[in-house]
Structures are given as C-alpha cells and as structure tokens.
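S.K.: Under the UniProt record's numbering, the sequence shown has 8 at position 8, and the numbering climbs by one with no breaks. To start, I am sharing the structure in question, which I have written as structure tokens.
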Amino acid sequence: MTKSIQQPDTAPRYHKIDHIALAVNDLEAAITLFRDQLGFVLTGRRHISGKTTGMLSAEMQHGDLMFVLCQGTEPQSQVSRLIENHGVGVAHIALRVDDAHAAAKHLRERGLAFDTNVIEGQGLRQTFSKRDEVTGLSFEFIERSGEVGFQDASVNELFAQLERSGAY
Numbered sequence: 001m002t003k004s005i006q007q008p009d010t011a012p013r014y015h016k017i018d019h020i021a022l023a024v025n026d027l028e029a030a031i032t033l034f035r036d037q038l039g040f041v042l043t044g045r046r047h048i049s050g051k052t053t054g055m056l057s058a059e060m061q062h063g064d065l066m067f068v069l070c071q072g073t074e075p076q077s078q079v080s081r082l083i084e085n086h087g088v089g090v091a092h093i094a095l096r097v098d099d100a101h102a103a104a105k106h107l108r109e110r111g112l113a114f115d116t117n118v119i120e121g122q123g124l125r126q127t128f129s130k131r132d133e134v135t136g137l138s139f140e141f142i143e144r145s146g147e148v149g150f151q152d153a154s155v156n157e158l159f160a161q162l163e164r165s166g167a168y
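What follows is the structure, encoded as structure tokens:
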C-alpha cells in the first residue's frame, strides 16, 4: 500500500528532476559512454568562456532523462576546481519548480545559501544553491515556460555569476 506523503506548506513544489549535471575529466569519453553504451542522444554542445576560465559541455537526452556533461577547459576553471575538490560526478541536480523566485525566497528563509541570483532567460529562470558540505550536493531550481533546452545567454550568465562568487 502506498502512503501519501504530506509536504510542508512552505516547501516549493518540485515537479521532477529536470536534469543532472556531471563534472567529467574527459568530455568525449563521457559522450561515448552515454551515447554508445547507454543509448542517449547528443542534443547540444557548448564552449563557454568566462572572463578567466571556460567550460565544455554536452547535453545527453534519453526520453525525459537529461544529463549535462561538463569539463573544464583549464586547471583554474570552475569545473576543474570542482573535480579537484570533490572528484568527478554530480555537479548539481536541477529540480523543476513553478516559480524560481518564490522557490529561492522560501529556501533562503529555511537557511539554504545560494551561489547565484535568479538568472532570467527567455522561457527559462534558474538559480543555484551553494554546495552542501555534508552531502557534497548543489541544486539548481529551474522554472521553464517554453524553453526545453538551455540558452547560451543563460549559461554565460551562470558562468559569470559563479566566477564572481568564487564558487567551487
């Protein structure tokens, strides 16, 4: 028998895991694993350059499942530092919410710290929590209103905010 779990009134409504971002040492090898062995489709690639560092990424999709694979372009990049400090693996888990601003407000009131402000994009709003020292996890709270993928402008703004905050 399945029991219904009552959620606290103040908790944001999480619809689903939107995607999981993975920090990898070798983007091409990770793409090969996801595409050739797991059967995912490569739906997008990016080369992001911040003021001082950069990142390569690939979006891998299988039905409703999405993984974003990320590799730093130099030792000082955010992704390279993340791997140095925490190892390869989960960079963040993105949770789909109705309202990114409201979710961030509620979660801040509950004591969750953030690395970014809400990033506004066309059909997309997102914000990122600080990495939790106990679990090693960082969360993205993402609101979608038409955009199914990611936008270069939003990814560039995320990268810029993380660079400014010194995150990772």
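Ideal Cβ placement from N, Cα and C applies to all residues, glycine included.
Look up R46 in the DSSP assignment and give the residues it is bridged to.
M.R.: The partner list for R46 (beta bridge, DSSP) reads S57.
S.K.: Tell me the DSSP bridge mates of Q37?
M.R.: The partner list for Q37 (beta bridge, DSSP) is empty, contrary to what the question assumes.
S.K.: Taking the alpha carbon of D18 as the point to measure from, which residue in I119, R96, L158 and A113 has its own alpha carbon closest?
M.R.: Among I119, R96, L158 and A113, the Cα nearest to that of D18 belongs to R96.
S.K.: With respect to the beta strand (DSSP E) encompassing R144, which residues constitute its N-terminal and C-terminal limits?
M.R.: That run of the beta strand (DSSP E) goes F139 to R144.
S.K.: Tell me H62's beta-bridge partners as DSSP assigns them.
M.R.: Partner(s): L65.
S.K.: Can you check which of these residues, L137, F34 and G123, is closest to G146 by C-alpha distance?
M.R.: Closest by alpha carbon: G123.
S.K.: Helix, strand or coil: which one does DSSP assign to T32?
M.R.: If DSSP states are grouped into helix, strand and coil, T32 belongs with the helices.
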